[in-house]
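*Asks:*
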Amino acid sequence: MNYFLSNLYIKFSEYKKLPFSNTFGNTSLALFTEFDVEEIIETSTQELIDFLIEKGKNRFSDPEGYAKEIKKIARNCYRVDRKVKETINLVLETSLETIKALKSSLKRINKAINRQISRFSHTLDSVPGIGPIFAAGIISEIGDISNFANDGKLAKFAGLTWHHKQSNNFHSEETPMSKSGNKYLRYYLIQAANSVKNYCDEYRDYYYKKYQETSKYKHKRALVLSARKLVRLIFVLLHKNTLYDPSHYLKTSGGGSST
1 MNYFLSNLYI
11 KFSEYKKLPF
21 SNTFGNTSLA
31 LFTEFDVEEI
41 IETSTQELID
51 FLIEKGKNRF
61 SDPEGYAKEI
71 KKIARNCYRV
81 DRKVKETINL
91 VLETSLETIK
101 ALKSSLKRIN
111 KAINRQISRF
121 SHTLDSVPGI
131 GPIFAAGIIS
141 EIGDISNFAN
151 DGKLAKFAGL
161 TWHHKQSNNF
171 HSEETPMSKS
181 GNKYLRYYLI
191 QAANSVKNYC
201 DEYRDYYYKK
211 YQETSKYKHK
221 RALVLSARKL
231 VRLIFVLLHK
241 NTLYDPSHYL
251 KTSGGGSST
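The opening residue of the sequence shown carries number 1 in the UniProt record's numbering; numbering runs sequentially from there.
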């Protein structure tokens, strides 16, 4: 997508200022592929209004205002040589076809994962923010939870442990993570933690607490520590085959290792 956006900037340098919530939405993509900057400027406001109504399926609250804003933004765009324009249009067209094909493949893969994970009895998806994809990845990498005596063993398996650095009485805030475990499980846990913090107050509060504790690598550090905290919850849910109860875990679940 970055490749597409880089080339889109060449064609329509002010595209980020357009009044579309999603650059890859149907209406915005139709505008980029069916018009050049000069064509937008030369097209009458009414024609552009009709275009927005058609492509947006009459969902724009103020199509006239949008049309005028688009024309205004187009006037501030850089102009591109005709020969370059032809090449850019071809690149955008082929890039967009690739993006659509990948999105279609991703949908099919996600459906297949959903079908597979539904055959397994588990409670991970009772945690807000952990859907079938994260649950499938975590379960497949952990395997049999009975192989782990406690959450510490599971965290070590995932490489979510820390080697503490200290010199005399100084404790470094740059405590390195082990990273010697299962990198795929570690990835799923960290991504799941990033999602869970958007839904669970406990994890959101914990994330921001850790975020404020240091001046370096704030997001990365807070997210990894949140993942370590999530390991404790995941271990309990899988080990006891119980559903997530926020009122219970808010009282009993502590944080992971800290630096």
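Where is the CB? At the ideal position from N, CA and C, for every residue including glycine.
When the Cβ atoms of the segment 183 to 198 are set against those of the segment 227 to 245, are three or more pairs found closer than 8 Å?
*Replies:* With the cut-off at 8 Å, the segment 183 to 198 and the segment 227 to 245 touch.
*Asks:* With contact counted as at least three CB pairs below 8 Å, one residue from each stretch, are the segment 101 to 108 and the segment 128 to 147 in contact?
*Replies:* Because the criterion of three Cβ pairs below 8 Å is not met, the segment 101 to 108 and the segment 128 to 147 do not touch.
*Asks:* Are the beta-carbon atoms of I41 and K71 separated by less than 8 Å?
*Replies:* Yes.
*Asks:* Does K17 come out as helix, strand or coil in the three-state DSSP assignment?
*Replies:* Three-state DSSP puts K17 in a helix.
*Asks:* S121: which of I139, V127 and A112 sits nearest, CA to CA?
*Replies:* Selected option, being the one with the closest Cα: I139.
*Asks:* Quick check on the DSSP output: the alpha helix (DSSP H) that includes N2 runs from which residue to which?
*Replies:* Segment N2 to K11, the alpha helix (DSSP H) holding N2.
*Asks:* Can you give the beta carbon distance from I49 to A67, rounded, assuming they're within the 8 Å contact cut?
*Replies:* With 8 Å as the limit, I49 and A67 qualify as a contact, their Cβ atoms being about 5 Å apart.
*Asks:* Evaluate T33 with the Cβ neighbour count: other Cβ atoms within 10 Å of its Cβ, from every protein chain shown; 16 or more gives buried, anything less gives exposed.
*Replies:* By the neighbour-count rule (16 or more Cβ atoms within 10 Å), T33 is not buried but exposed.
*Asks:* Might you give, ordered along the chain, the residues of its own chain that have their beta carbon closer than 6 Å to the beta carbon of L238, omitting 5 neighbours on each side?
*Replies:* These residues qualify, in order along the chain: I145.
*Asks:* Hey, L223 and V127: beta-carbon distance below 8 Å or not?
*Replies:* Going by C-beta atoms, L223 is not nearer than 8 Å to V127.
*Asks:* On the premise that A158 lies in contact with L124, defined as a C-beta separation below 8 Å, what is that separation, rounded to the nearest angstrom?
*Replies:* Contact doesn't hold; Cβ gap of about 15 Å is too wide.
*Asks:* With burial defined as no fewer than 16 other Cβ atoms inside 10 Å of the residue's Cβ, what is the status of E221: buried or exposed?
*Replies:* The question names Glu, yet the displayed sequence has Arg at residue 221. Buried is the call here.
*Asks:* With burial defined as no fewer than 16 other Cβ atoms inside 10 Å of the residue's Cβ, what is the status of T87: buried or exposed?
*Replies:* Exposed, because fewer than 16 other Cβ atoms sit within 10 Å of the Cβ of T87.
*Asks:* Which ranges would you report for the beta strand (DSSP E) in the segment 179 to 223 if only whole runs of at least 3 residues count?
*Replies:* Whole beta strand (DSSP E) segments, 3+ residues: zero.
*Asks:* Hey, how far is the Cα of S61 from the Cα of F24?
*Replies:* Taking the straight line from one Cα to the other gives about 20 Å.
*Asks:* Which residues in the same chain as I117 place their Cβ atom closer than 7 Å to its Cβ, once the five residues preceding and following it in sequence are excluded?
*Replies:* Closer than 7 Å at Cβ, skipping near neighbours: P132, A135 and A136.
*Asks:* Would you kindly work out how many angstroms separate the C-alpha atoms of G218 and L52, rounded to a whole number?
*Replies:* The amino acid at residue 218 is misidentified as Gly; the sequence shows Lys. Taking the straight line from one Cα to the other gives about 42 Å.
*Asks:* Should Y203 and K197 be called a contact, given that it needs their Cβ atoms to be closer than 8 Å?
*Replies:* It is a contact, given that the beta carbons lie within the stated cut-off.
*Asks:* What residue from N150, D36 and E141 has the CA that sits closest to R186's CA?
*Replies:* Cα-wise, what sits closest to R186 is E141.
*Asks:* Start and end of the alpha helix (DSSP H) containing A74?
*Replies:* P63 to R75 is the extent of the alpha helix (DSSP H) around A74.
*Asks:* Mark A149 as exposed unless 16 or more other C-beta atoms lie within 10 angstroms of its C-beta, in which case mark it buried.
*Replies:* So A149 counts as exposed.
*Asks:* Could you say which of E54, A155, T161 and D201 lies nearest to V236 if we only look at CA atoms?
*Replies:* If we check each option's Cα against that of V236, A155 comes out closest.
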